[in-house]
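Residue numbers (my numbering): 3 to 426.
A virtual CB, placed ideally from N, CA and C, is assigned to each residue, including glycine.
The structure under discussion appears below in the form of structure tokens.
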Amino acid sequence: MDKGRDKPRVRFKGYTDAWEQRKLGEIADVTKLAGFEFTEHVVYSDQGNIIALRGLNIKNGQLVLDDVKYIDDSNFSKLNRSKLYINDIMFTYVGTVGEVAIIKENDRFYLAPNVSRIRIESDDSPEYISQYMRTEQFYKKVIFPLIATSSQPALSMENIRKFIICLPQNKEEQRQIAECLSHIDNLITLHQRKCEEIKKLKKYMLQKMFPQNGANVPEIRFDGFTDAWEQRKLGELMNVTSVKRIHQSDWTDSGVRFLRARDIVAASKNEEPDDYLYISKEKYEEYSAISGKVDIDDLLVTGVGTIGVPYLVENTEPLYFKDGNIIWFQNQNEIDGKFLYYSFIGNGIQSFIKASAGTGTVGTYTIDTGKKTPIQLPLKDEQKKIGEYFSRLDYLITLHQHKCEELQNIKKFMLQNMFVQGGE
């Protein structure tokens with residue numbers, strides 16, 4: 003630790019003391035537990051009271067329990083020395099080295115091979131140690147130099163015991179740092195869970211609010227609607243086409259946005275594309291005079307790569323796209339735009355697109371197939387209500403995703419500035 007950097011850049015008020023360095027082995031018991039190496043004594047099952055944790059269950063500071071194994075209760079006494087308790091820290095030391103998580107909720111987890119247990123034996127804060135070991139600086143300065151030259155990264159327990167940990171001498175300062183960062187973690191987890199819950203609701207309602215399996219009415223409807231839905235082909239309702247080809251040499255760094263299929267796929271995931279492309283205003287006007295201009299409630303659908311992904315035009319901002327790769331449905335207010343968009347996401351149209359794509363290794367969605375695409379339509383008022391409902395769900399999904407990103411950026415800043423790192 004440099005003499006000028008024995009204190010963090012960001013600190014709670016009232017603390018001025020310099021931090022100290024300790025080896026992890028001086029404050030904790032670092033153990034490679036027996037895990038389940040003796041498989042002849044262990045019976046795995048898909049359910050039970052005892053969870054068998056593996057390295058893949060530790061990710062980004064959390065326990066990921068979507069894919070776990072259970073152990074038969076009859077093995078309890080044989081595996082007692084592998085038991086994890088609240089405040090035990092798990093650390094991966096083989097393969098994906100450096101993943102850290104702390105046991106917070108109960109004591110029924112058990113370690114698998116390739117995960118070490120760090121049990122703090124001093125009066126230092128386990129949550130503080132866990133957060134400290136998750137910083138990017140700690141990985142770069144302490145862990146990476148030990149594994150950088152190996153094709154199969156691994157650390158010995160002795161390596162881990164020699165890890166240098168920088169600690170506030172005041173235990174209350176440790177507690178406050180840990181509590182602050184843990185609170186941010188809880189908020190991130192909350193928004194992630196809310197996001198996943200709404201995604202599941204959206205998937206369920208897409209199945210229930212659109213007719214399925216040849217039915218002419220959906221299972222769930224808004225009050226006041228009883229009429230049967232009408233099945234039509236999109237080519238009967240609107241012009242299905244593309245645009246005049248723009249050559250790569252006409253791409254620019256500014257001007258009118260130029261969409262490719264992968265840009266639409268990125269937008270469907272609320273992601274930014276790898277790079278934005280544009281064409282000049284002059285080229286846009288020249289080519290649009292031939293092909294026409296996209297209008298509000300028109301739909302653009304990917305025809306190559308990940309096919310059948312829709313993009314709804316929601317404003318009059320000039321827009322051009324790659325011919326052949328994107329199919330243009332010129333809606334002209336025939337169908338409520340949002341309803342048309344969510345119809346494309348639903349099982350009916352997606353199943354048709356998949357069945358029509360062909361059996362080759364690279365499926366395509368063409369203008370001709372677009373014209374033949376079937377759609378089931380209620381009256382306009384019901385279309386509007388359905389479109390607004392799903393649009394609201396997407397708004398909430400995006401809101402929680404953005405909250406997660408904001409909190410993750412705050413957490414990253416805090417991890418960089420609330421700790422002193424050895425060797426700084």
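What does DSSP give as the partner residue(s) for residue i in the beta ladder?
i, result
"Thr254", "Tyr280"
"Thr33", "Arg119"
"Phe140", "Beta-bridge pairing links Phe140 to no other residue."
"Pro312", "Val303"
"Thr18", "Paired residue(s): none; Thr18 is not in a bridge."
"Cys168", "Gln23"
"Tyr112", "Ala54 and Lys85"
"Phe93", "Val102 and Ser118"
"Glu232", "Leu379"
"Ile60", "Leu65"
"Arg259", "Tyr280 and Leu321"
"Thr243", "Trp330"
Write down the C-beta distance between residue i and residue j rounded to the nearest angstrom, noting that I regard them as a contact closer than 8 Å.
i, j, result
"Leu236", "Lys373", "6 Å"
"Arg259", "Tyr280", "6 Å"
"Leu301", "Phe331", "4 Å"
"Met92", "Ile60", "6 Å"
"Ala30", "Glu123", "6 Å"
"Phe352", "Ile190", "The question names Phe, yet the displayed sequence has Gln at residue 352. So it is not a contact: roughly 32 Å between Cβ atoms."
"Gln418", "Gln139", "7 Å"
"Gly63", "Arg136", "5 Å"
"Ile328", "Ala263", "6 Å"
"Asp325", "Arg234", "In fact, because the Cβ distance is near 26 Å, the residues do not count as touching under 8 Å."
"Asp299", "Val311", "The Cβ separation is near 17 Å, so there is no contact."
"Leu203", "Leu395", "7 Å"
Report the residue from the options whose alpha carbon sits nearest the alpha carbon of residue i.
i, options, result
"Val144", "Asp325, Lys25 and Asn59", "Lys25"
"Asp439", "Leu35, Trp253, Arg121 and Ile52", "Nothing about residue 439 can be reported from this structure: the residues present for the chain run from 3 to 426 only."
"Ser256", "Glu284, Gly365, Ala269 and Ala230", "Glu284"
"Lys205", "Gly348, Arg136 and Ser118", "Gly348"
"Leu208", "Lys196, Cys197, Arg223 and Arg195", "Arg223"
"Asn241", "Tyr72, Ala20, Ile337 and Gln23", "Ile337"
"Lys106", "Arg11, Pro115, Gly100 and Ser127", "Ser127"
"Val99", "Asp125, Val70, Ala156 and Thr151", "Ala156"
"Ile73", "Leu55, Asp90 and Lys271", "Leu55"
"Lys413", "Glu316, Gly307, Ile186 and Ile399", "Ile186"
"Asp428", "Asn116, Leu183, Arg195 and Trp21", "Residue 428 lies beyond the range of the chain shown here (3 to 426); nothing can be said about it."
"Glu251", "Met416, Ala150, Leu192 and Ser282", "At residue 251 the sequence reads Ser, which differs from the Glu that was named. With distances taken between Cα atoms, Ser251 lies closest to Ser282."
"Arg177", "Thr243, Tyr134, Tyr95 and Ser158", "Tyr134"
"Lys201", "Pro312, Ile399, Glu408 and Met416", "Ile399"
"His249", "Gln23, Tyr322, Gly305 and Arg11", "Tyr322"
"Val245", "His193, Val303 and Glu199", "Val303"
"Leu192", "Cys406, Tyr286, Phe415 and Glu129", "Cys406"
"Leu35", "Lys15, Ile53, Lys71 and Asn116", "Asn116"
"Gly307", "Asp229, Tyr112, Asp265 and Ala291", "Asp265"
Is there a C-beta anywhere in chain C that falls below 7 Å from the one on residue i?
i, result
"Ile122", "In the structure shown, chain C does not exist; there is a single protein chain."
For the structure I just gave you, are there three or more beta carbon pairs, one from the stretch 350 to 359 and one from the stretch 163 to 181, closer than 8 Å? The stretch 350 to 359 and the stretch 163 to 181 do not touch, with fewer than 3 CB-CB distances between them shorter than 8 Å.
- Task: Indicate whether the contact test is met: 3 or more Cβ pairs, each with one atom in the stretch 199 to 214 and one in the stretch 167 to 187, closer than 8 Å.
- Result: Touching, no, given that fewer than three Cβ pairs across the two stretches are closer than 8 Å.
ask   = Along the chain, which unbroken stretches of the beta strand (DSSP E) at least 3 residues long are found entirely within the stretch 321 to 381?
value = Correct list: 321 to 323, 328 to 332 and 376 to 379.
| Are three or more beta carbon pairs between the stretch 383 to 400 and the stretch 333 to 346 nearer than 8 Å? | Touching, yes.
Return the chain-ordered ranges of every beta strand (DSSP E) run that is complete within the stretch 171 to 200 and spans a minimum of 3 residues. List check, beta strand (DSSP E) in window: nothing returned.
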